[in-house]
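Chains as they are written, first to last, in my numbering: chain A, 1 to 240; chain B, 241 to 480; chain C, 481 to 720; chain D, 721 to 960. By construction, the Cβ of each residue, glycine as well, lies at the ideal position given by its N, Cα and C atoms. Since the model is a prediction, treat every value here as computed from it, not as a measurement.
There are 4 protein chains.
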Amino acid sequence: MSQDQILVCGHDLVEDVMGQWSFAELTYTAMTGGQRPTPEQARMIDVLLTTFVDHGVTPSSLATRLTLLGAPESMQAAIASGLNGAGSRYLGTMQLTAALLQDALAEAPGEVDLLAIPALAEKIVERARSRGEKIPGLGHPEHKNGDPRTPKLMEIARQTGVAGAACALLFAVADAFAASSGKSLVVNAAGLSGAIVLDMGLPPEAGKGLAVISRAAGLVGTVLDEMRNPQAQGIWDELR
Amino acid sequence: MSQDQILVCGHDLVEDVMGQWSFAELTYTAMTGGQRPTPEQARMIDVLLTTFVDHGVTPSSLATRLTLLGAPESMQAAIASGLNGAGSRYLGTMQLTAALLQDALAEAPGEVDLLAIPALAEKIVERARSRGEKIPGLGHPEHKNGDPRTPKLMEIARQTGVAGAACALLFAVADAFAASSGKSLVVNAAGLSGAIVLDMGLPPEAGKGLAVISRAAGLVGTVLDEMRNPQAQGIWDELR
Amino acid sequence: MSQDQILVCGHDLVEDVMGQWSFAELTYTAMTGGQRPTPEQARMIDVLLTTFVDHGVTPSSLATRLTLLGAPESMQAAIASGLNGAGSRYLGTMQLTAALLQDALAEAPGEVDLLAIPALAEKIVERARSRGEKIPGLGHPEHKNGDPRTPKLMEIARQTGVAGAACALLFAVADAFAASSGKSLVVNAAGLSGAIVLDMGLPPEAGKGLAVISRAAGLVGTVLDEMRNPQAQGIWDELR
Amino acid sequence: MSQDQILVCGHDLVEDVMGQWSFAELTYTAMTGGQRPTPEQARMIDVLLTTFVDHGVTPSSLATRLTLLGAPESMQAAIASGLNGAGSRYLGTMQLTAALLQDALAEAPGEVDLLAIPALAEKIVERARSRGEKIPGLGHPEHKNGDPRTPKLMEIARQTGVAGAACALLFAVADAFAASSGKSLVVNAAGLSGAIVLDMGLPPEAGKGLAVISRAAGLVGTVLDEMRNPQAQGIWDELR
Numbered sequence: 001m002s003q004d005q006i007l008v009c010g011h012d013l014v015e016d017v018m019g020q021w022s023f024a025e026l027t028y029t030a031m032t033g034g035q036r037p038t039p040e041q042a043r044m045i046d047v048l049l050t051t052f053v054d055h056g057v058t059p060s061s062l063a064t065r066l067t068l069l070g071a072p073e074s075m076q077a078a079i080a081s082g083l084n085g086a087g088s089r090y091l092g093t094m095q096l097t098a099a100l101l102q103d104a105l106a107e108a109p110g111e112v113d114l115l116a117i118p119a120l121a122e123k124i125v126e127r128a129r130s131r132g133e134k135i136p137g138l139g140h141p142e143h144k145n146g147d148p149r150t151p152k153l154m155e156i157a158r159q160t161g162v163a164g165a166a167c168a169l170l171f172a173v174a175d176a177f178a179a180s181s182g183k184s185l186v187v188n189a190a191g192l193s194g195a196i197v198l199d200m201g202l203p204p205e206a207g208k209g210l211a212v213i214s215r216a217a218g219l220v221g222t223v224l225d226e227m228r229n230p231q232a233q234g235i236w237d238e239l240r
Numbered sequence: 241m242s243q244d245q246i247l248v249c250g251h252d253l254v255e256d257v258m259g260q261w262s263f264a265e266l267t268y269t270a271m272t273g274g275q276r277p278t279p280e281q282a283r284m285i286d287v288l289l290t291t292f293v294d295h296g297v298t299p300s301s302l303a304t305r306l307t308l309l310g311a312p313e314s315m316q317a318a319i320a321s322g323l324n325g326a327g328s329r330y331l332g333t334m335q336l337t338a339a340l341l342q343d344a345l346a347e348a349p350g351e352v353d354l355l356a357i358p359a360l361a362e363k364i365v366e367r368a369r370s371r372g373e374k375i376p377g378l379g380h381p382e383h384k385n386g387d388p389r390t391p392k393l394m395e396i397a398r399q400t401g402v403a404g405a406a407c408a409l410l411f412a413v414a415d416a417f418a419a420s421s422g423k424s425l426v427v428n429a430a431g432l433s434g435a436i437v438l439d440m441g442l443p444p445e446a447g448k449g450l451a452v453i454s455r456a457a458g459l460v461g462t463v464l465d466e467m468r469n470p471q472a473q474g475i476w477d478e479l480r
Numbered sequence: 481m482s483q484d485q486i487l488v489c490g491h492d493l494v495e496d497v498m499g500q501w502s503f504a505e506l507t508y509t510a511m512t513g514g515q516r517p518t519p520e521q522a523r524m525i526d527v528l529l530t531t532f533v534d535h536g537v538t539p540s541s542l543a544t545r546l547t548l549l550g551a552p553e554s555m556q557a558a559i560a561s562g563l564n565g566a567g568s569r570y571l572g573t574m575q576l577t578a579a580l581l582q583d584a585l586a587e588a589p590g591e592v593d594l595l596a597i598p599a600l601a602e603k604i605v606e607r608a609r610s611r612g613e614k615i616p617g618l619g620h621p622e623h624k625n626g627d628p629r630t631p632k633l634m635e636i637a638r639q640t641g642v643a644g645a646a647c648a649l650l651f652a653v654a655d656a657f658a659a660s661s662g663k664s665l666v667v668n669a670a671g672l673s674g675a676i677v678l679d680m681g682l683p684p685e686a687g688k689g690l691a692v693i694s695r696a697a698g699l700v701g702t703v704l705d706e707m708r709n710p711q712a713q714g715i716w717d718e719l720r
Numbered sequence: 721m722s723q724d725q726i727l728v729c730g731h732d733l734v735e736d737v738m739g740q741w742s743f744a745e746l747t748y749t750a751m752t753g754g755q756r757p758t759p760e761q762a763r764m765i766d767v768l769l770t771t772f773v774d775h776g777v778t779p780s781s782l783a784t785r786l787t788l789l790g791a792p793e794s795m796q797a798a799i800a801s802g803l804n805g806a807g808s809r810y811l812g813t814m815q816l817t818a819a820l821l822q823d824a825l826a827e828a829p830g831e832v833d834l835l836a837i838p839a840l841a842e843k844i845v846e847r848a849r850s851r852g853e854k855i856p857g858l859g860h861p862e863h864k865n866g867d868p869r870t871p872k873l874m875e876i877a878r879q880t881g882v883a884g885a886a887c888a889l890l891f892a893v894a895d896a897f898a899a900s901s902g903k904s905l906v907v908n909a910a911g912l913s914g915a916i917v918l919d920m921g922l923p924p925e926a927g928k929g930l931a932v933i934s935r936a937a938g939l940v941g942t943v944l945d946e947m948r949n950p951q952a953q954g955i956w957d958e959l960r
């Protein structure tokens, strides 16, 4: 930052970024360390950011409200308390799915041939089943008939042209699992997001990063709601 | 959340939000508890979100890197550590400026008459000077000749039609201060953002909330950079 | 830390500290940057540390449980979420009381003369009443007939000889308030702890620091209880 | 908490705990959900609490200082930022060692016979070596000739009578590893602490919990030092 110029990811914030880049574009650029997204990639990032904004009462939103009760002067710390809960239990799927797909695709010799995808999928399923391990990205505790976000995400991934080998492999894994086990499991939105992130050239951790940003937005909403409509004291009174 | 439908701020996530709302629109809706922004307001929110993404080496980005060094399995906690530093020292200005303007505008009887703005501004300046208090939103430790983000933010606030009484009052305060003290202080970007947020019908804390989301995005970039290009161990070795 | 020697606050951890210093002694030494407590001061610190361990269901313990639900792999982050709530609302009293007493005692010319204490107390009460401000350290929302911890803390502060001008001034303030307002308010344990900390030569923030350590211990207990006897999922189910 | 009585872990805080229990006793009681330690166990806990207080410049202490720079009004959040880094990299050893020993001892049929310990140790070493895995609790990156805390901890564990099968097994593992690999690795203090915690009837996570409390005390010292002697701005200036 010189006196007159502010750089962000190597670009002039005032001349180049403000008013010209969307937040989604800037987020992708920050995640890649300076590489700008195509307009289609930026659109995909924007959709992913909207997909995981917290809704309703969640463990994170409750932690944020309860923290604000004790430290009303530190809204950032209340949000941080909510984010601390964005760990393996709810958000692990995205990262685990991406890591699984990344490993499988890296094992494939040469460029990934779409014809090779079913065989890769079978290998993933066999390995997981022989070890008695769950396959991340498949199944959802509540949306048994299919995660409603999945077809919408896939539709946009196709429209924007970002869907690639990782997305194809994830659906092939679901098929191979059904064929092998006779049990049909849905591709969940977290898993598909992990695949989409990979297909955009981002590392597995980027999916979790996007979810953390989404949660931060949801938790800002929670803080402002708690200020308008305090609930934490009532929650505490109810529970003690 | 029913089995087939996911609601976010009262809207169907899959049917209405994904692919149709930008992240900025959803953020505004989350902050207002369900009220959708106009397209112009959404654009303004998007610009504000891009304005405060962390750039370069900051105390928050350093805290994030150092936390990740000890807990590489918890990237969300590393981001939370960085956000915990988003307190009064760097981000207080936005909230303090908005609160000051809100108080002044609330004192004005009836609807705010733009002709009344200069008198309100003089009152703010007189009160602050008589108490020996700094006026939030004026001055910048580094950008002495003017915060370069300020004219760009104001340009977009005018284009989008969101600029209103709060923005006008802040510039009037800068003029009144110069007239009264003979010392010219720039309107800084944090202060103007506080005014813009008010003019969009949001509470003073919303400005800080937007900055927290921006920082979360910047810190996600920091985490991914630390994974590609580890620096925390080197920083520690240098400092101990 | 050399290869064979580990220093903590300037002392050899293995030769001098382990097995010889209590945790309370080490805590005082860490807070003063190397100055060792007398045995009496160490006993007082130990009692203060036990006084503020969280008990039962608190906003902090709930935030810790809810954070652990989402991130069971990060018990330290669950504890950090609970500590983030140790802000002004419950713990501010200790620091505010100490700061008030410190200011008053610093204003007194020369060494504090115990005979001057009543006059200092009257000044504090007059100033607060004329400004319509509450006096920190007086009153308790639940213990109307007296905070039961206060006489015990005072007894130990006398036994250990640490009670000094700050403690005396706080009780004098309670008397002056009763005389001036006709309304009797108890000296609460948080306020008295602030005074005790001052009388041990520590800054106002040390009281809050001790309370944070106590809370950390309570929250470790909460985490282990949540692991033995999970409650967070049930809390979430009940509230959503 | 009734109006006149405050319960902590089922005991009357004022009548039973304050002035009678040490902080170490209360910590053990909180960790077990109400079971009081013997005086010897309390002494061992006290020593463990002193062993892991942060000393010098650490990633956690740096994160705390940098967080305080941005949010000087939230010392608890600065401490929380430091604690967020108490993850797998530095503190994982304690928990991993305890879990390894616990599994091995649980596999042993009936009560653990001390004569069976060498065979259990060989099994642990064989399994780890055949999988190419490191054995937690052995080796130290800096203290190649032996972690100086280890003999002191063991001495106190013997004096207090808490040393049992887990401690014996850990040293037997070190012997078995040396016999099998020809390479001698020290038993480190973190690993031995994990064993001691098990031998006191606590779960593996209790060791990490004690370390988190110790770190909280060290970080309170860091916060007070930063207030007396600010370093964060200088650190930032040096690094950017």
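Residues of the region 454 to 473 of chain B whose Cβ lies closer than 8 Å to any Cβ of chain D, in chain order: A472. For A:L7, the three-state secondary structure derived from DSSP is strand. Using beta-carbon distances, B:E373 does not count as an interface residue toward chain C, since no partner is under 9 Å. Below 8 Å, too few C-beta pairs join the region 661 to 678 of chain C and the region 546 to 561 of chain C to call them touching: fewer than three.
For A:L138, DSSP records a beta bridge to A:V187.
With 16 or more other Cβ atoms inside 10 Å of its own Cβ, C:E505 counts as buried. Taking C-beta atoms as the reference points, A:T160 and A:E40 count as a pair closer than 9 Å. Counting the other CB atoms within 10 Å of its CB gives D:L835 a total below 16, which places it among the exposed residues. Three or more Cβ pairs closer than 8 Å define a contact, and the region 512 to 527 of chain C falls short of that threshold against the region 46 to 61 of chain A. Look at the region 795 to 814 of chain D: the residues with a C-beta under 9 Å from a C-beta of chain A are Q796, A797, A800, S801, N804. Classified as buried, D:G805 has 16 or more neighbouring CB atoms from the shown chains inside 10 Å of its CB. Among the CB atoms of chain C, none fall inside 9 Å of the CB of D:S850.
Closer than 9 Å to the CB of C:G619 there is not a single CB belonging to chain A. Excluding its 5 nearest sequence neighbours in each direction, D:E946 has C-beta neighbours in its own chain below 6 Å: R785, L788, listed in chain order. Neighbourhood of B:S421 in chain D, by CB distance below 8 Å: empty, with the nearest CB roughly 28 Å away. Among the residues facing chain A, D:A888 is not included, as its CB has no counterpart in that chain under 9 Å away. The continuous alpha helix (DSSP H) containing B:N324 extends over residues 315 to 324. Counting the other Cβ atoms within 10 Å of the Cβ of C:G698 gives 16 or more, which makes it buried.
Identification of residues in the region 429 to 443 of chain B having a C-beta nearer than 8 Å to some C-beta of chain D yields an empty set. Within the region 519 to 588 of chain C, the runs of alpha helix (DSSP H) at least 4 residues long that lie entirely inside it are, in chain order, 519 to 531, 539 to 550, 555 to 564, 568 to 587. Distance from the CA of A:D16 to the CA of B:L288, rounded to the nearest whole angstrom, comes to 14 Å. Annotation: C:E606 to D:G730 spans about 42 Å, alpha carbon to alpha carbon. In the same chain as C:S694, and ignoring 5 residues on each side of it, the C-beta atoms closer than 6 Å to its own belong to L529, F532, V533, in chain order. For D:D867, the secondary structure class from DSSP, reduced to helix, strand or coil, is coil.
Considering only D:F743, D:L890, D:L782, the residue with the shortest C-alpha distance to D:Q953 is D:L782.
Counting the other Cβ atoms within 10 Å of the Cβ of D:E831 gives fewer than 16, which makes it exposed. Contact between A:G207 and A:M94 is confirmed by a C-beta separation of about 4 Å, below the 8 Å threshold. By the C-beta density criterion, B:R371 is exposed, having fewer than 16 other C-beta atoms within 10 angstroms. For the C-beta of A:R240, the chain C residues within less than 7 Å are, from N- to C-terminus, G536, V537. Contact annotation for A:E142 against chain C: no contact, minimum CB-CB distance about 12 Å [criterion: below 9 Å].
Closer than 9 Å at the C-beta level to chain C, one finds these residues of the region 748 to 761 of chain D: T749, A750, M751, T752, G753.
For A:A165, the closest C-alpha among the options A:G139, A:L105, A:D237 is that of A:L105. Taking C-beta atoms as the reference points, B:N385 and A:D4 count as a pair closer than 9 Å.
Counting along the chain, B:L360 sits inside the alpha helix (DSSP H) bounded by residues 357 to 371.
Contact of A:A71 with chain D is assigned, a C-beta pair being separated by under 9 Å. Looking from the CA of D:N949, the closest CA among C:T512, C:G689, C:V494, C:R609 belongs to C:T512.
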